[in-house]
Amino acid sequence: MRTIENNDDYNQLIALEKPILLDFYAEWCGPCQTLLPTIDKLSKEYEGKVEVQKVNIDKNSELAAQFGVRSIPALFFLKNSKIVDRTNGLQLESVLREKLDALLD
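In this text, residue positions in the sequence shown follow full-length UniProt numbering: the first is 1, and each later residue adds one.
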């Protein structure tokens, strides 16, 4: 799992034309840190199928604004470069797995 540092990183990611999970987070965010092990686990399980990337809102506020992030953790599920689903706050692994599987259909 990589961290998107700037808009160039994001544009390169979109160019891959793979399903994407973007995890908008902050280091100081307790719920974000709680969700991190689940995101890491899913990143490994879906490796090669879904690009799982993190976006630190403190370091990339421009991209966070572009996605309309108002609270974190915020997860965006993209297919064909378009947002097809999103969640805010802590999520169960099973819910995230369903959303990732839907990206692959």
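For glycine and all other residues, C-beta sits at the position ideal for the given N, C-alpha and C.
Residue burial classification, residue i (beta-carbon count within 10 angstroms, cutoff 16)
i, result
"Pro-19", "buried"
"Asp-23", "buried"
"Asn-56", "buried"
Distance, residue j Cα to residue i Cα
i, j, result
"residue 181", "Glu-51", "The structure shown has nothing for residue 181, since the chain only spans 1 to 105."
"Glu-47", "Gln-53", "11 Å"
"Asn-60", "Asn-11", "14 Å"
"Glu-98", "Trp-28", "28 Å"
"Asp-9", "Leu-92", "28 Å"
"Lys-44", "Ser-94", "15 Å"
"Asp-58", "Asn-7", "14 Å"
"Ala-65", "Lys-49", "27 Å"
Reference residue i; option with closest CA among the options
i, options, result
"Ile-83", "Glu-93, Ile-57 and Gly-68", "Gly-68"
"Leu-96", "Lys-79, Thr-38 and Ile-4", "Thr-38"
"Asp-101", "Leu-22, Cys-29 and Leu-42", "Leu-42"
Residues near residue i by beta carbon distance below 8 Å, same chain, minus five either side
i, result
"Asp-40", "Met-1"
"Leu-90", "Pro-31, Thr-34, Leu-35 and Pro-73"
"Glu-17", "Asn-80 and Ser-81"
CB-CB length for residue i against residue j, believed under 8 Å
i, j, result
"Phe-77", "Arg-70", "Contact doesn't hold; Cβ gap of about 17 Å is too wide."
"Leu-63", "Ile-14", "Not confirmed; about 11 Å, so no contact."
"Leu-75", "Leu-21", "6 Å"
Cβ-based neighbour list, residue i, same chain, cut-off 6 Å, excluding 5 preceding and 5 following
i, result
"Leu-88", "What sits at residue 88 in the sequence shown is Asn, not Leu. Closer than 6 Å at the Cβ level, and outside the excluded window around Asn-88, lie Ser-71 and Ala-74."
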